[in-house]
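In the numbering used here, the protein residues as written are -7 to 369. We treat Cβ as the ideally placed atom computed from N, Cα and C, and that holds for glycine. The structure displayed is predicted, hence computed values, not measured ones. I have placed the structure first, in the form of structure tokens, so that the comments after it can refer back to it.
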């Protein structure tokens, strides 16, 4: 029987319980530092949909019982609404964990422990002496996004594209980059984004995309932007380059090369393919064009990445990532690249692995965009 493309969070929980049974674990200690980041995992949110304010620990027992230990204490009522078997909220989560965890026990696993604050990680590790790391196995059996997460990613892609349109329409000569970034961020939040990771900088030639500064936009700049809104805790990302005024022929030519390389990578996205093949296709296209030395560190480290909020899996689009792509995985492919003739430029699309290939979640795919802004008042 063909596995369903779309899963639920309950399917995810059952998959973890089966993996625990195969490893003969009585309990799994799942840790979250409470942070939400585009390329890091929040495992408690990934398993339950609960995004804690501070660090949290989920105890998943082999019989399916769930105990949530979370912080701060004032978040107890909200946490209880998520249907855990038991909830304890405390300001001192380390003391709470020390009290709730079983001490020496051989049949226990842990995941996410290395992301925790030092004191809390130490308290958990002390009470889980003999526990086995379960991070890799947890990610493997929960690699696919749920239907809700995929729909959130689709909505996020629409918000990102509207944010891009607002950016182009709002850019002004003499405007500080940071003012434009704030406007775009607020606009995306007004459209339903609950968070946003936005990188935006401008200049005639950049070594990389950078956080926005007070530098003022001038005619002839290239605006580099990475728009990454989150919807219901699920991040998505598009990468774009915008010329302030008409670009020169060399910039047009080299940007078209990056876009062509991106589509070579996108063509490799399909079930059963190693993630490394996606990166290799991009690298090969640029190497064939004479840019082999710029297709490796220190000029480039990865050609995209997983999209976090819950799970960051399947990880980086990198040649050494041999994770096998499965239907339902979501990540971004971006061959953002420094080229000696132009400096750094950006293009990238969020993708969903389907049964037969790939669905690009953005509606308008990357091309070299042009803004013709007025002078800022």
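Whole-angstrom C-beta distance between residue j and residue i, which should lie under 8 Å
| i | j | result |
| --- | --- | --- |
| residue 214 | residue 200 | Not quite, the Cβ-Cβ distance comes to about 12 Å (not below 8 Å), so this is no contact. |
| residue 344 | residue 362 | That belief does not hold up - the Cβ atoms of residue 344 and residue 362 are roughly 29 Å apart, past 8 Å. |
| residue 163 | residue 209 | 6 Å |
| residue 326 | residue 295 | 7 Å |
| residue 211 | residue 228 | That belief does not hold up - the Cβ atoms of residue 211 and residue 228 are roughly 32 Å apart, past 8 Å. |
| residue 103 | residue 66 | No, residue 103 and residue 66 are not in contact; Cβ-Cβ is about 27 Å, not under 8 Å. |
| residue 47 | residue 94 | Residue 47 to residue 94, Cβ: 19 Å. No contact. |
Host alpha helix (DSSP H) of residue i (start-end)
| i | result |
| --- | --- |
| residue 155 | 139 to 162 |
| residue 277 | 267 to 278 |
| residue 335 | Unbroken run through residue 335 is the beta strand (DSSP E), 335 to 337; no alpha helix (DSSP H). |
| residue 4 | 1 to 14 |
Given residue i as reference, the closest of the options once Cα atoms are compared
| i | options | result |
| --- | --- | --- |
| residue 74 | 1, 143, 87 | 1 |
| residue 355 | 67, 225, 156 | 156 |
| residue 120 | 147, 205, 22 | 22 |
| residue 111 | 88, 103, 347, 101 | 88 |
| residue 348 | 109, 66, 258, 301 | 258 |
| residue 117 | 92, 139, 238 | 92 |
| residue 137 | 29, 318, 82 | 318 |
| residue 18 | 25, 67, 47, 54 | 54 |
| residue 289 | 364, 301, 43, 310 | 310 |
| residue 351 | 278, 72, 142 | 142 |
| residue 320 | 83, 68, 65, 139 | 139 |
| residue 221 | 291, 103, 31, -2 | 31 |
| residue 244 | 312, 57, 104, 333 | 333 |
| residue 37 | 16, 62, 14 | 62 |
| residue 275 | 72, 254, 262, 265 | 254 |
| residue 264 | 307, 316, 287 | 316 |
| residue 267 | 242, 307, 179, 283 | 307 |
| residue 302 | 25, 14, 16, 34 | 34 |
| residue 3 | 216, 331, 40, 228 | 40 |
| residue 192 | 173, 179, 180 | 173 |
| residue 238 | 364, 28, 83 | 364 |
| residue 283 | 249, 313, 314, 217 | 249 |
| residue 337 | 353, 194, 366 | 194 |
| residue 206 | 69, 181, 175, 171 | 171 |
| residue 217 | 159, 44, 47, 225 | 159 |
| residue 242 | 353, 335, 186 | 335 |
| residue 146 | 185, 123, 179 | 185 |
| residue 300 | 313, -2, 26 | 26 |
Beta-carbon contacts of residue i that lie in its chain and below 6 Å, excluding the five residues immediately before and after
| i | result |
| --- | --- |
| residue 305 | 131, 135, 298 |
| residue 129 | 11 |
| residue 78 | 59 |
| residue 262 | 349 |
| residue 125 | none |
| residue 371 | The chain is shown from -7 up to 369; residue 371 falls before or after that span and cannot be answered. |
| residue 339 | 231, 250, 251, 254, 358 |
Beta-carbon contacts of residue i that lie in its chain and below 7 Å, excluding the five residues immediately before and after
| i | result |
| --- | --- |
| residue 183 | 151, 154 |
| residue 385 | Given a span of -7 to 369 for the chain in the structure shown, any question on residue 385 remains unanswerable. |
| residue 177 | 188, 190 |
| residue 359 | 251 |
| residue 86 | 111, 112, 115 |
| residue 260 | 269, 270, 273 |
| residue 256 | 273, 274, 277 |
| residue 16 | 99 |
| residue 240 | none |
| residue 204 | 169, 170, 173, 192, 193 |
| residue 367 | 164, 165, 166 |
| residue 68 | 79, 81 |
Boundaries (first-last residue) of the beta strand (DSSP E) holding residue i
| i | result |
| --- | --- |
| residue 43 | First-last for residue 43: undefined, no H or E at that position. |
| residue 48 | 48 to 53 |
| residue 289 | Taken as a continuous stretch (DSSP letters only), residue 289 belongs to no beta strand (DSSP E), as it is neither H nor E. |
| residue 363 | 361 to 363 |
| residue 318 | From DSSP, residue 318 is part of no beta strand (DSSP E); its letter is neither H nor E. |
| residue 350 | 350 to 352 |
| residue 423 | In the structure as shown, the chain begins at -7 and stops at 369. Residue 423 is therefore absent and cannot be evaluated. |
| residue 296 | 296 to 298 |
| residue 341 | 341 to 345 |
| residue 309 | It is not in any beta strand (DSSP E) - residue 309 carries neither H nor E in the DSSP assignment. |
| residue 329 | 329 to 331 |
| residue 323 | 322 to 325 |
Below-8 Å beta-carbon distance, residue i vs any chain D residue
| i | result |
| --- | --- |
| residue 273 | No chain D appears in the structure shown, which is made up of a single protein chain. |
beta-carbon residue i near the ligand MG non-hydrogen atom, thresh 7 Å
| i | result |
| --- | --- |
| residue 364 | Among the components of this structure there are no ligands whatsoever, and the ligand MG is therefore not found. |
Other residues of its chain near residue i: CB distance less than 8 Å, five sequence neighbours each side excluded
| i | result |
| --- | --- |
| residue -7 | Bear in mind that the predicted position of residue -7 carries a pLDDT of just 37, short of 50, making it unreliable; the figure below should be weighed with that in mind. Contacts found: none. |
| residue 286 | 278, 292, 329, 330, 331, 332 |
Segments assigned alpha helix (DSSP H), at least 4 residues, entirely inside the segment 67 to 127:
Listed in chain order, they are 68 to 72, 85 to 92, 110 to 119.
Quick check on the DSSP output: what are the complete beta strand (DSSP E) runs of length 3 or more inside the segment 217 to 268, in order along the chain?
Segments of the beta strand (DSSP E) lying fully in the segment 217 to 268: 230 to 236.
Can you list, in chain order, the stretches of the beta strand (DSSP E) that have 3 or more residues and sit fully within the segment 175 to 216?
With a minimum length of 3 residues, the continuous beta strand (DSSP E) runs that stay inside the segment 175 to 216 are 187 to 195.
Enumerated in chain order, which unbroken segments of the beta strand (DSSP E) with a length of 3 residues or greater are wholly contained in the segment 14 to 38?
Listed in chain order, the complete beta strand (DSSP E) runs (minimum 3 residues) inside the segment 14 to 38 are 19 to 24.
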